[in-house]
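**Q** Here it is, the structure, as structure tokens.
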Amino acid sequence: MVDLSVEIGGVKFKNPVVVASATPTMDAIRMKHGIDGGAGAVIAKSLFGEGGRLGRQFPRPRFKLIDYREYPGYPNKLPHAFTLRSLEECSAFDYPTYMDDINRTKDLIKDDGVVIASLSGSSLAEWVEMCELVNKTGADWVELNNSCPFAQDMGVKMGAGAVDVTYEAVKTCADILKKPFSVKITPQTNNPVDVAKQVEAAGAYAVNMSARFSGVIIDIETAKPIPFGSMGGYGGPYLIGYGLKLISQAAKELKIPLIAGLGVWDWRDIIAYTMCGASLVQSAVGIMLQGYKVAGRWVDSMSAWMEAKGYKSLNEIRGMALPNIVKTANVPRKPDNIKAVINTSKCTKCGTCLRSCFYDAITLTKAGAVINAELCDVCGMCVEVCPEYAAELKYV
Ligand SMILES: Cc1cc2nc3c(=O)[nH]c(=O)nc-3n(C[C@H](O)[C@H](O)[C@H](O)COP(=O)(O)O)c2cc1C
Ligand code: SF4
Ligand code: SF4
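When the letters of the sequence shown are read in order and numbered with this note's numbering, they come out as residues 1 to 396.
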């Protein structure tokens, strides 16, 4: 039996899958769906301080999927890389309604899952007020959300626009909070790991590195941004490489547990994040488009994979990839024991590899594509583009 549980600050998560703070956690009923769907924890949508209350009302429409429906086989087959653009800043609730809803969530979920309240202040006074209020609720854990990509554009000193006050805000909250807490930071700074270190120094139990970017998409027929006119959240599974980089860098420098999650789309992503050092892995877009029950399927698939590999707990694989991520300067250069070859029995002479070989090393013959070893740089592009898997690398 594989043990997928994680313990941080005395709080036990039955598995590392967390429903991220987003539309699927907008209220108690939805958060219950998240735990019933198989997740170990839910992070409520963020409560913004009064300064950011404009964010409690959303534009209509507020979602735009890029490169999603065009995928061949949709809706039975879903793409593995796409973008969800959105503008949905915070919970629609005011302070008392939010605190009541957190209590209701805990009443519904009981000990089946961990309930996390998410707060985002735009001044120290707001942080203080919200922490005092959340102390009186049944939340198991609190997340201080200092990551919102939109707040700055709304004219409030919050989230990604308040990185310079991270330490001060977290330290203030740390002195008030009577519950374990994490801090969610933005990836939109020069060095997010430095910000994570401030969070650690200020006393956080864990750091959540999974906030999205903001971006804009232009409709060239109207020259207007779609769908709501301004910058907006910009993210989706295509971002996972950046998320894994952030986690692996943070894991090498921080002692506190890490919460990961940018771009999770299937269970393999959760394993990969764990191998890069994450303790908990969250998903927003993955759950929004595959449904709450995908969390349970991820848990089952992870268990089955770990069992087949002989791993008994997540501790055995956490950080496993870190020693394999070398510095760019240490990557072997120009190894001469590899060559590219084409298996002409598979080649359909489609010509795809020719247009992407910038060394002019491929010619089409009657038998199929052939590589001139003198010209070939072994860049690997023909192997990547060949639709028939006819081009391959051989180690000699
Ligand atoms: C529609 C939407 C609403 C979100 N709302 C919040 C929020 O209220 N608070 C927060 O901390 N993060 C919010 N997020 C960010 C997610 O919690 C998560 O960090 C992010 O989407 C990255 O994970 P993903 O790639 O699995 O979506 C939101 C994301 C989306 C897509
Ligand atoms: S490996 Fe690169 S250089 Fe060599 S044939 Fe393929 S595409 Fe051309
Ligand atoms: S892409 Fe593949 S199938 Fe097409 S010509 Fe090149 S080797 Fe042949």
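Backbone N, C-alpha and C define an ideal beta-carbon position, used for all residues, glycine too.
Scan the region 215–266 and note each continuous beta strand (DSSP E) run of 3 residues or more that stays entirely inside, going in chain order.
**A** Those beta strand (DSSP E) runs which fall completely within the region 215–266 and span 3+ residues are 232–235, 258–260.
**Q** Three or more beta-carbon pairs under 8 Å between the region 275–292 and the region 242–261, yes or no?
**A** Touching, yes.
**Q** Flag this pair as yes or no: are the beta carbons of Asn208 and Ser182 separated by less than 8 Å?
**A** Counting from one through the sequence shown, the residue named residue 208 turns up at place 208. Counting from one through the sequence shown, the residue named residue 182 turns up at place 182. Closer than 8 Å, so yes.
**Q** With a Cβ-Cβ cutoff of 8 Å, do Gly40 and Pro180 count as a contact?
**A** Along the sequence shown, read from residue 1 onward, the residue named residue 40 stands at position 40. Along the sequence shown, read from residue 1 onward, the residue named residue 180 stands at position 180. No, the pair does not count as a contact, with Cβ atoms beyond the cut-off.
**Q** In whole angstroms, give me the CA-to-CA distance for Lys45 and Val134.
**A** Within the sequence shown, numbered from 1, the residue matching residue 45 stands at position 45. Within the sequence shown, numbered from 1, the residue matching residue 134 stands at position 134. In a straight line, the C-alpha of Lys45 is about 14 Å away from that of Val134.
**Q** Under 7 Å: does the beta carbon of Val341 sit that close to some heavy atom of ligand 2?
**A** Translated into the one-based positions of the sequence shown, residue 341 becomes position 341. No, since every heavy atom of ligand 2 falls outside the 7 Å radius drawn around the Cβ of Val341.
**Q** Use the C-beta contact count for Leu289: other C-beta atoms within 10 angstroms, 16 or more gives buried, fewer gives exposed.
**A** Along the sequence shown, read from residue 1 onward, the residue named residue 289 stands at position 289. With 16 or more other Cβ atoms within 10 Å, it is buried.
**Q** On the DSSP bridge assignment, give the partners of Ile371 in chain order.
**A** The sequence position of residue 371 within the sequence shown is 371, counting from 1. Answer is Ile362.
**Q** Just to confirm, does Ala390 get its C-beta within under 7 Å of one of the non-hydrogen atoms of ligand 2?
**A** By one-based count along the sequence shown, residue 390 stands at place 390. Incorrect: Ala390 has no Cβ contact closer than 7 Å to ligand 2.
**Q** Relative to the alpha-carbon of Gln57, which residue among Val42, Met26, Tyr74 has its alpha-carbon at the smallest distance?
**A** Numbered from 1 along the sequence shown, position 57 holds the residue referred to as residue 57. Looking at the Cα atoms, Met26 is the closest of the given residues.
**Q** Which full runs of the beta strand (DSSP E) of 3+ residues lie inside the region 134–190, going along the chain?
**A** You should have 141–146, 181–185.
**Q** Do you know offhand how far Met302's Cα is from Ile271's?
**A** Counting from one through the sequence shown, the residue named residue 302 turns up at place 302. Counting from one through the sequence shown, the residue named residue 271 turns up at place 271. The alpha-carbon atoms of Met302 and Ile271 are separated by roughly 7 Å.
**Q** Indicate whether at least one CB of chain C lies closer than 8 Å to the CB of Asn145.
**A** Structure shown: chain C not included; a single protein chain is present.
**Q** Please give the ranges of any beta strand (DSSP E) in the region 266–314, keeping only runs that are unbroken, at least 3 residues long and fully inside the region.
**A** Segments of the beta strand (DSSP E) lying fully in the region 266–314: 280–283.
**Q** Determine contact between the region 30–40 and the region 293–301, defined as no fewer than three beta-carbon pairs at a distance below 8 Å.
**A** Touching, yes.
**Q** Any heavy atom of ligand 3 closer than 7 Å to the CB of Gly368?
**A** Taking the first residue of the sequence shown as position 1, residue 368 is located at position 368. Yes.
**Q** Less than 8 Å separating the beta-carbons of Gly310 and Ala251?
**A** By 1-based counting over the sequence shown, the position of residue 310 is 310. By 1-based counting over the sequence shown, the position of residue 251 is 251. No, Cβ-Cβ distance for Gly310 and Ala251 is not below 8 Å.
**Q** DSSP three-state label for Val378, please.
**A** Against the sequence shown, residue 378 aligns to sequence position 378. Looking at Val378 - three-state DSSP - the assignment turns out to be coil, as it is neither helix nor strand.
**Q** Counting only runs of 3+ residues fully inside the region 50–132, write out the beta strand (DSSP E) ranges in chain order.
**A** Correct list: 63–66, 83–86, 114–120.
**Q** From which residue to which residue does the beta strand (DSSP E) around Ile8 run?
**A** Here residue 8 refers to the residue found at position 8 of the sequence shown. Element bounds for Ile8: 6–8.
**Q** DSSP three-state call for Asn324: helix, strand or coil?
**A** Against the sequence shown, residue 324 aligns to sequence position 324. Reduced to three states, the DSSP call for Asn324 is helix.
**Q** Can you give me the Cβ contacts of Leu400 inside the same chain, cut-off strictly under 7 Å, excluding the 5 residues immediately before and after it?
**A** No answer is possible for residue 400: it lies beyond the span of the chain, which begins at 1 and ends at 396.
**Q** Any heavy atom of ligand 2 closer than 7 Å to the beta-carbon of Gly351?
**A** For the purposes of this step, residue 351 is taken as the residue at position 351 of the sequence shown. No - ligand 2 has no heavy atom lying nearer than 7 Å to the Cβ of Gly351.
**Q** Can you check which of these residues, Val341, Val385, Glu392, is closest to Val370 by C-alpha distance?
**A** Here residue 370 refers to the residue found at position 370 when the sequence shown is read from its first residue. Minimum Cα distance to Val370 is reached at Val341.
**Q** At which residue ranges does the region 3–50 contain complete beta strand (DSSP E) runs of 3 or more residues, listed in the order of the chain?
**A** As far as the region 3–50 is concerned, its whole beta strand (DSSP E) runs of at least 3 residues are 6–8, 11–13, 17–19, 41–43.
**Q** Can the beta-carbon of Thr83 be found closer than 8 Å to that of Gly236?
**A** Locating residue 83 in the sequence shown gives position 83, where the first residue counts as 1. Locating residue 236 in the sequence shown gives position 236, where the first residue counts as 1. Contact: yes.
**Q** Please go through the same chain and pick out, in chain order, the residues whose beta-carbon is closer than 8 Å to the beta-carbon of Leu375, but skip the five residues on each side of it.
**A** For this step, residue 375 is matched to residue 375 along the sequence shown. Excluding residues within five positions, the ones whose Cβ falls inside 8 Å are Tyr359, Asp360, Ala361.
**Q** Looking at the structure shown, is Lys394 part of a helix, part of a strand, or coil, going by DSSP?
**A** Position 394 of the sequence shown, counting from 1, holds the residue named residue 394. Three-state result, Lys394: strand.
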